[in-house]
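Just remember that the working numbering sits 1109 ahead of the position in the sequence shown, which is counted from 1. This report concerns only the one structure given below.
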Amino acid sequence: EQIPGQGDFNLADPQNTIKVTGGASNVSVAYYATDAHALAGGTNTLPVIYIAPDMTQIWARVVDTNTGCFRISPVTLDMLPAPIAPVLTPLEECDFDNNSVATFDLTGTLNGISNALGNVIVTAHETYDDADFHENGTQGANPITNLSAYTNILDLTINGTQTLYILVQSADTECYDIAELQLIIHHV
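See the structure below:
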């Protein structure tokens, strides 16, 4: 949800097609802005990614591919709000060996986000590109697995601080947000 109250609706999503067709086979679905356009058919269809305000009504033309018979149905676009990650408090640890390395427990931060927002999947990543990666319905790549004892990476630590990227993804939609978490190493 980049603009409050407005969403990007994937009209080609198989789950949406099942909702419109009831799971019927041998049908094709096209979406139109008005019932008149849907009744007429043709190429005046809506784009696959349709940007619209919440609760916008569009029209589906469902055609039986065996007979050519069709029906027109109204479809209301219901937007689920995207998760908005909070600004995160940096985690700080002492470096008793003065080697610029410390061990951090990330579980409290991730659990705090999950508990505050509810119905989200929260993962930590070492790079923004890993957090923002999406392919074939999968979000995030290379999540950090040792959350209770994460050791900062020297190559990613600048002036005693490493930034992690926290992916906060809705459990119900493809919507997500990414927050930065600073890991601060204090030399003793």
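Yeah, the Cβ is synthetic: ideal placement off N, Cα and C, and Gly gets one too.
- Between alanine 1133 and alanine 1147 the beta-carbon gap is near 17 angstroms, outside 8 angstroms, which marks them as no contact.
- Judged by DSSP in its simplified three-state form, asparagine 1119 adopts strand.
- Around the beta-carbon of cysteine 1284, 16 or more other beta-carbon atoms lie within 10 Å, marking it buried.
- In the DSSP annotation of this structure, the continuous segment of the beta strand (DSSP E) that includes serine 1279 starts and ends at 1270-1279.
- A distance of 8 angstroms or more separates the beta carbons of isoleucine 1181 and glutamine 1115.
- Restricting attention to beta strand (DSSP E) runs no shorter than 3 residues, the stretch 1158-1231 encloses them at 1158-1162, 1165-1173, 1179-1186 and 1200-1204, ordered along the chain.
- Under the three-state reduction of DSSP, isoleucine 1127 is assigned to helix.
- Exclusion of the five residues before and after isoleucine 1293 leaves Pro1199, Leu1200, Glu1201, Glu1202, Gly1269 and Thr1270 as the residues of its chain whose Cβ lies within less than 8 angstroms of its Cβ.
- Excluding five sequence positions before and after leucine 1186, the CB atoms of its chain that fall closer than 6 angstroms to its own CB belong to Phe1118, Ala1161 and Thr1165, given in chain order.
- The Cβ-Cβ distance between leucine 1197 and alanine 1258 does not fall below 8 angstroms.
- The DSSP-derived three-state label of alanine 1147 is helix.
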